[in-house]
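> Sequence order for the protein chains is A and B. Residue numbers for the first sequence follow our numbering, beginning at -13 and rising by one. Residue numbers for the second sequence follow our numbering, beginning at -13 and rising by one. Even glycine gets a Cβ: it sits at the ideal position worked out from N, Cα and C.
2 protein chains.
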Amino acid sequence: MLDPKVVSLAQAANFAALTTLLPDGQPQTHVMWVDADDEHVLINTELHRQKARNVQRDPRVSVAIIDAANPYDFVEVRGTVVEVVRGPVARAHIDALALKYTGKPYAPAITSERVILRIAVSRTVLR
Amino acid sequence: MLDPKVVSLAQAANFAALTTLLPDGQPQTHVMWVDADDEHVLINTELHRQKARNVQRDPRVSVAIIDAANPYDFVEVRGTVVEVVRGPVARAHIDALALKYTGKPYAPAITSERVILRIAVSRTVLR
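1. If the cut is a Cβ gap below 7 Å, which residues of chain B does residue 103 of chain A touch?
2. Spell out a yes or no on whether the region -13 to -3 of chain B and the region 31 to 44 of chain B are touching, meaning 3 or more CB-CB pairs, one atom from each, closer than 8 Å.
3. Tell me, please, whether the CB atom of residue 6 of chain B is closer than 9 Å to any CB atom in chain A?
4. Could you tell me whether any Cβ in chain B is nearer than 9 Å to the Cβ of residue 34 of chain A?
5. Residue 54 of chain B by DSSP, collapsed to three states: which one?
6. To the nearest angstrom, how far is it from the Cα of residue 98 of chain B to the Cα of residue 76 of chain B?
7. Given a cut-off of 9 Å on the beta-carbon distance, is the pair residue -12 of chain A and residue 20 of chain A in contact?
8. Interface residues of chain A around residue 11 of chain B at Cβ under 9 Å?
9. Would you please state the rounded distance, in angstroms, between the beta carbons of residue 61 of chain A and residue 109 of chain A? I believe it to be under 8 Å.
10. Taking only runs of the beta strand (DSSP E) that begin and end inside the region 32 to 80 of chain B, which ones reach a length of at least 3 residues, in chain order?
11. Counting only beta-carbon separations shorter than 9 Å, does residue 55 of chain A have a partner in chain B?
12. Could you run through the region 12 to 23 of chain B and flag, in chain order, every residue whose CB is less than 8 Å away from some CB of chain A?
13. Less than 8 Å between the CB atoms is what I'm expecting for residue 14 of chain A and residue 37 of chain A, so what's the real figure, rounded?
14. Given that a residue counts as buried once 16 or more other Cβ atoms are within 10 Å of its Cβ, and exposed if not, what is residue 52 of chain A?
15. Got a sec, what are the start and stop residues for the beta strand (DSSP E) residue -7 of chain A sits in?
16. Using the DSSP secondary-structure output, state which residues sit across from residue 30 of chain B in a beta bridge.
17. Beta-carbon within less than 6 Å of residue 79 of chain B's beta-carbon, same chain only, minus the 5 sequence neighbours each way: which residues are those?
18. The beta strand (DSSP E) with residue 8 of chain A in it runs from where to where?
19. With a CB to CB cut of under 7 Å and the five nearest residues on each side skipped, what residues in its chain are close to residue 165 of chain B?
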C-alpha cells in the first residue's frame, strides 16, 4: 500500500517530475500529470514517447510529486514500472486526468495511443 | 553557453527537480533551489547528502526547472557535474539563494559544509 501522503498528493491536481533512464543510463526527467490508486503511482503518457520506451527497457523510475501550494512539500517515490496498461482503459484515464487538471475532457482530436505506467514503489521519501 | 530560457528560469525563484544516480543506477530525485550563470546550471547542497555522494561517483544528472507561475512551462537539462565547489564560495552562494527564495540570508546556525554542483549541459529540452 502506498503512503497516504503520496496518495493524497498524487490524487490532487499536483505536478510530478518523472525520471526514466535512457539506454546509456543517463536520467531523463519530464514534468507531468500524475495519479495514484491505493497501491501504485500512475503516469499517463503516449506509447511512442521516449519515456515509455525507456521503461520497457529499464523499468526503474523516480517520481517527485510537488504540492502546488508549497513546493517545499514534496514526496519522492522510487520504484519500477510493473505494468504498461494500453487500450480504452488508458484513454479513459487521460480523460479523467484532463478533468482533474483542466476541468475538461482530453482533446478528442489527439488520438495517439495512451498508456498508463503502473509504478510499484520500493522507497518513499517524505519531506 | 546555456539557452537563455534555462538561465532566466534558473535565476528566478523557481524550483528544480534534480535527479542523480544511486550506486545501482536507480534514479533519485530531489526538489530544490536552483541557479545558473551563463555557462552552467548550479545546485547548492550539503557535502554529506546522498546526491552529493552520487555525483562524485557518477556525474550524470538531469535537472527539470519548473516555472512557478505555470508548471506546464518547464525546461529539462541533462548533463554532468563538472565541478564540486566547496568552501566560502559555496557558503556565500547558499546565502544568495536564500535571499532569492526567502528574502533572508541562510540560517547561520546551519553550519554543515555546503557545495555547489556545477553542471555542464549536454542536452536542453524546452517545452
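In this structure, then:
1. Within the first sequence, the letter at position 117 stands for residue 103 of chain A. Within 7 Å Cβ-Cβ: nothing; residue 103 of chain A doesn't reach chain B, min ~14 Å.
2. no
3. Position 20 of the second sequence holds residue 6 of chain B. At least one chain A Cβ lies under 9 Å of residue 6 of chain B.
4. By 1-based counting over the first sequence, the position of residue 34 of chain A is 48. No, no contact with chain B.
5. Position 68 of the second sequence, counted from the first residue, corresponds to residue 54 of chain B. Coil.
6. The residue labelled residue 98 of chain B in the question sits at position 112 within the second sequence. The residue labelled residue 76 of chain B in the question sits at position 90 within the second sequence. If you take the alpha carbons of residue 98 of chain B and residue 76 of chain B, they lie about 11 Å apart.
7. The count along the first sequence starts at 1 and reaches residue -12 of chain A at position 2. The count along the first sequence starts at 1 and reaches residue 20 of chain A at position 34. Not in contact: residue -12 of chain A and residue 20 of chain A (Cβ atoms no closer than 9 Å).
8. Position 25 of the second sequence, counted from the start, is the residue given in the question as residue 11 of chain B. Ordered by position in chain A, the residues that pass the 9 Å Cβ test against residue 11 of chain B are 7, 11, 44 and 46.
9. Walking along the first sequence from the start, residue 61 of chain A turns up at place 75. Walking along the first sequence from the start, residue 109 of chain A turns up at place 123. The pair is not a contact, with the Cβ atoms about 11 Å apart (cut-off 8 Å).
10. 46 to 52 and 60 to 71
11. As a working mapping, residue 55 of chain A is identified with position 69 in the first sequence. No, no contact with chain B.
12. 12, 13, 14, 15, 16 and 17
13. What you label residue 14 of chain A is simply residue 28 of the first sequence in a count that begins at 1. What you label residue 37 of chain A is simply residue 51 of the first sequence in a count that begins at 1. Correct: roughly 7 Å between the Cβ atoms.
14. The residue given as residue 52 of chain A occupies position 66 in the first sequence. Result: buried.
15. The residue given as residue -7 of chain A occupies position 7 in the first sequence. Segment -10 to -3 is the alpha helix (DSSP H) holding residue -7 of chain A; no beta strand (DSSP E) there.
16. Residue numbering aside, residue 30 of chain B sits at position 44 when the second sequence is read from its first letter. Partner(s): B:102.
17. Translated into positions along the second sequence, residue 79 of chain B becomes position 93. Within the same chain, residue 79 of chain B has close Cβ partners 30 and 102.
18. One-based indexing of the first sequence puts residue 8 of chain A at position 22. Taken as a continuous stretch (DSSP letters only), residue 8 of chain A belongs to no beta strand (DSSP E), as it is neither H nor E.
19. Since the first residue shown for chain B is -13 and the last is 113, residue 165 of chain B is missing from the structure and cannot be characterised.
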